Amino acid sequence: MSDFVVRTPDQLPALLQAFRKQAGLTQEEAAVRLGVTQQTLSALERNAERVSAARLMKLLGLLGVELVLRKHGEGPARVLPADSPSPSPYSW
118 MSDFVVRTPD QLPALLQAFR KQAGLTQEEA AVRLGVTQQT LSALERNAER VSAARLMKLL
178 GLLGVELVLR KHGEGPARVL PADSPSPSPY SW
């Protein structure tokens, strides 16, 4: 699958919706799995810039999507084990 570069919050809604549909989930199904109402998920998809990082991570996990952070212009990101403590970006 391709990487998608997101530089502004207004780019997130279309991607979140596309990943949800690719996962074969309706808003209602995804909402149930997240433990929120369909209306809440709809609002999240429309206003992704207002969602908490924790909720966004939970949604991405549900959709089978991972968040990769890297400096602009650098190569592939370093992959950390899921159970590793959060490192300082300056300690690498």
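For the sequence shown, our numbering assigns the number 118 to the initial residue and increments by one for each residue that follows. Ideal placement from N, C-alpha and C gives every residue a C-beta, glycine not left out. What you are looking at is a predicted structure, and each value in this text was computed from that prediction instead of being measured.
(1) Whose CA, out of Leu-176, Gly-190 and Val-182, lies closest to the CA of Ala-148?
(2) Only counting the same chain, and skipping five residues up and downstream in sequence, which positions put a Cβ closer than 7 Å to that of Leu-180?
(3) In whole angstroms, what is the alpha-carbon distance linking Thr-154 and Leu-184?
(4) Quick one: residues in its chain with C-beta nearer than 8 Å to the C-beta of Gln-144, no 5 flanking neighbours on either side, listed in chain order?
A quick look at the data gives this:
(1) Here the closest residue by C-alpha is Leu-176.
(2) Phe-136, Arg-137 and Ala-140
(3) 24 Å
(4) Arg-137, Gln-155, Leu-158, Ser-159 and Glu-162, listed in sequence order.
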